[in-house]
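These notes concern the structure reproduced below.
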Amino acid sequence: TATALITITDVDLPGVIKFTPDKYSVSEGVASGQVTLTVKRTGGTGGGVLVDYLTHNGTAVGGDGGAGTDFVERSGTLTFLFGNTSATITIPIRQDTLAEGNETFTVELLRARTANGDLPAAVLPTPGRIATVTIVDDESAFQFSAPTFSGKEGTANAIITVLRTGTLTSPATVTYNAA
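When you read off a place in the sequence shown, starting at 1, and then add 95, the result is the number in the numbering used here.
As structure tokens, then:
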């Protein structure tokens, strides 16, 4: 009888799981009312892997909808079954009527695990563990170009410059009173 040594290589690697890309931009008035983030799994697709996610406000707070943020806060768990290489997270965006400028929030991947317990931190690498979403404001705002203006007595005209910020794709009106 002969004996042989057999080495079994573990091919059930969880892989590396991260946002691809990790930066997103969405218009506040986007027709779909949402942004969809993509999470990719590379370097191994063996076994089932669960990954939790959680949104963080950043500057996307306020708004006039009374909800406290310019997006719908989300948390949940992504499930990567054997062979799965991609998952998505959809975050609803709230429309408001405030000229706030562009705002951001982040979505974080945390706690990668299998049915047997937590996986090493390397499964959720940095960068890639956090995605930043920029909500592009769709309202215009107006402001004077300087805090004060001066003119000479007896002059028929004064030049006062008004600056417009925000969306510039639609007409806007400024009402003024020269007293």
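Positions of the beta carbon are idealized from the N, C-alpha and C atoms, including for glycine.
The model shown is predicted, which means the values in this text are computed figures rather than measured ones.
Backbone CA spacing between residue i and residue j [nearest angstrom]
i: residue 223; j: residue 233; result: 28 Å
i: residue 200; j: residue 207; result: 22 Å
i: residue 142; j: residue 179; result: 9 Å
i: residue 99; j: residue 110; result: 31 Å
i: residue 134; j: residue 221; result: 14 Å
i: residue 219; j: residue 147; result: 11 Å
i: residue 101; j: residue 227; result: 47 Å
i: residue 242; j: residue 258; result: 12 Å
i: residue 250; j: residue 125; result: 48 Å
For residue i, the nearest candidate out of the options (CA to CA)
i: residue 239; options: 256, 248 and 150; result: 256
i: residue 191; options: 204, 148 and 122; result: 122
i: residue 217; options: 247, 116, 175 and 136; result: 136
i: residue 149; options: 171, 273 and 258; result: 171
i: residue 205; options: 225, 211 and 193; result: 225
i: residue 116; options: 252, 138, 108 and 183; result: 183
i: residue 212; options: 229, 252, 145 and 125; result: 145
i: residue 260; options: 129, 127, 193 and 272; result: 193
Residue i (DSSP reduced to helix, strand or coil)
i: residue 257; result: strand
i: residue 216; result: helix
i: residue 177; result: coil
i: residue 269; result: coil
i: residue 208; result: strand
i: residue 281; result: This structure leaves residue 281 out entirely; the chain is present only between 96 and 274.
i: residue 222; result: coil
i: residue 139; result: coil
i: residue 147; result: strand
i: residue 250; result: coil
i: residue 171; result: strand
i: residue 122; result: strand
i: residue 195; result: coil
i: residue 234; result: coil
i: residue 132; result: strand
i: residue 166; result: strand
Residue i burial status per 10 Å Cβ neighbour count (16 or more: buried)
i: residue 166; result: buried
i: residue 118; result: exposed
i: residue 188; result: buried
i: residue 195; result: buried
i: residue 269; result: exposed
i: residue 113; result: buried
i: residue 214; result: buried
i: residue 173; result: buried
i: residue 132; result: buried
i: residue 186; result: buried
Rounded Cβ spacing between residue i and residue j (contact assumed at less than 8 Å)
i: residue 198; j: residue 154; result: 5 Å
i: residue 177; j: residue 140; result: 7 Å
Any non-hydrogen atom of the ligand SAM within 8 Å of residue i CB
i: residue 96; result: Inclusion of the ligand SAM in the displayed structure is not the case, the ligand content being empty and no account of it being possible.
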